[in-house]
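In the working numbering, each number is its position in the sequence shown, counted from 1, plus 16.
The beta-carbon is built from N, C-alpha and C at its ideal position, and this holds for glycine as well.
A quick note: this is a predicted structure, and the numbers were derived from the prediction, not measured.
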Amino acid sequence: MLDQAYSRRQFLGLAGGLASIVGLGLVGCGGSGASDAAAKGSTAAESVSGEVTYDGASSFQALVEAAAEKFMDANPDVSVSGSGNGSGKGLTAVAAGTVTIGNSDVFAETKLEADQVKNLVDHEVAVVGMGPVVSKNVKVDDLSLEQLKGIFSGQITNWKEVGGDDATIVVLNRKAGSGTRATFEAAVFGDEAVDFKGDAELDKSGDVQTQMGSTDNAISYLDFSHFDDSKFNAIKVEGVEPKSANVTDDSFKIWATEHMYCAKDADEATKAFLEFMLSDDVQGKLVEEQGFIPVSAMKVVKDASGKVSAK
């Protein structure tokens, strides 16, 4: 996966327009302009053009990139480009208007002031499971939440304390502002504050992948779509395997809803792309192909406070 800035050429003057989303009613970010265009049919829709920019969670950047490719193939007058610099930066950027979409593993309410949140519209595009990963040489394959709490607070420092070999644990953390870190810490620590940094704080999911693949005795955490058993091992938590099926009913406790936020007065191209993210083209196939869970498959929901309840 590419975590650096991503862009693609903007084609001009080709036919096709917004054929893939005609009739969807583009009202996701408020306003009626895109809805009116869709209602008038393909001729009006073909006139939609512009630039969509995003920043935010690196955990589902690959999903957004894959959707953007399909969207731009069908809609040559729209360019979509962006980066994955963490949920906090994405939310700050969309609130400030420096990007048109902010991607986040967490609700905007947890990162922004109330007056900023009220000007944004949330689109829940997928659910992602996240779990601990360990170096290939580590013999531990299951940890309890209490053991994870000890490791990621610096209280447990040797693998022999949790059933492994006599070796110092190397903790690879994510930087503050990471939605993946916020989700992991919420599941492990609850409301308890934690300021343990570990042996390194990494910017992006791709950085964790790389360093885990070249570091012995290490532990970190990643979303399921970044698991790579050729480089490291994903392990159980409380005896439950880190699989999508176990997330849908909250048997596996570490998961988050993937959000794409835009301004209430977002431009037509941004609204069109967000509608595409919620269309059958993405939700019916691409979400699962990219290692995520469709929101419709979930048997439970999680609110901004982290409370999980049955649908």
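Query: Assigned secondary structure, residue 274 (DSSP; H/G/I helix, E/B strand, else coil); Result: strand
Query: Beta-carbon gap between residue 86 and residue 238 smaller than 9 Å; Result: no
Query: Status (buried if at least 16 other CB within 10 Å, exposed otherwise) for residue 124; Result: buried
Query: Which of helix, strand or coil DSSP assigns to residue 164; Result: helix
Query: Counterpart residues of residue 238 in DSSP-defined beta bridges; Result: 147
Query: Sequence-distant residues of its chain with Cβ nearer than 8 Å to residue 12 (five each side left out); Result: Absent from the model: residue 12. The displayed extent of the chain is 17 to 327, so no value can be given.
Query: Start and end residues, beta strand (DSSP E) containing residue 120; Result: 117-120
Query: Residue 199 - DSSP class collapsed to helix/strand/coil; Result: helix
Query: Limits of the beta strand (DSSP E) - the one that residue 218 falls within; Result: 216-218
Query: 7 Å CB neighbourhood of residue 155 in its chain, flanking five on each side removed; Result: 180 and 181
Query: Euclidean distance between Cα positions of residue 170 and residue 292; Result: 44 Å
Query: Whole-number beta carbon distance between residue 306 and residue 376, since they are thought to touch under 8 Å; Result: With the chain covering only 17 through 327, there is no way to say anything about residue 376.
Query: Residue environment, residue 220, which counts as buried when at least 16 other CB atoms sit within 10 Å; Result: buried
Query: Presumed contact (8 Å Cβ cut-off) between residue 200 and residue 241, rounded CB distance; Result: About 15 Å; that fails the 8 Å criterion.
Query: Nearest to residue 134 (by Cα), restricted to the options 106, 281, 92 and 244; Result: 281
Query: Short Cβ contact (9 Å threshold) for residue 263 with residue 145; Result: yes
Query: Residue range of the alpha helix (DSSP H) that includes residue 105; Result: 103-112
Query: Residues sharing a beta bridge with residue 158, DSSP; Result: 252
Query: Beta-carbon contacts of residue 194 that lie in its chain and below 7 Å, excluding the five residues immediately before and after; Result: 102 and 103
Query: N-terminal and C-terminal residue of the beta strand (DSSP E) that residue 182 is part of; Result: Note, residue 182: premise wrong, no beta strand (DSSP E); not H, not E.
Query: Where the alpha helix (DSSP H) through residue 222 begins and ends; Result: 221-228
Query: Local Cβ density within 10 Å of residue 127, reported as buried at 16 or more and exposed below that; Result: buried
Query: Cβ neighbours of residue 274 in the same chain (closer than 8 Å, five flanking residues each side left out); Result: 73, 75, 76, 79, 119, 120, 121, 140, 141, 142, 143, 144 and 308
Query: Minimum Cβ-Cβ distance from residue 88 to chain C less than 9 Å; Result: Protein chain content of the structure displayed is limited to a single chain, and chain C is not contained in it.
Query: Integer Cβ distance of residue 64 from residue 261, believed to fall under 8 Å; Result: In fact, because the Cβ distance is near 38 Å, the residues do not count as touching under 8 Å.
Query: Inter-residue spacing [alpha-carbon to alpha-carbon] between residue 320 and residue 208; Result: 16 Å
Query: Neighbourhood of residue 215 by C-beta, 7 Å cutoff - its chain only, sequence neighbours within 5 removed; Result: 186, 187 and 188
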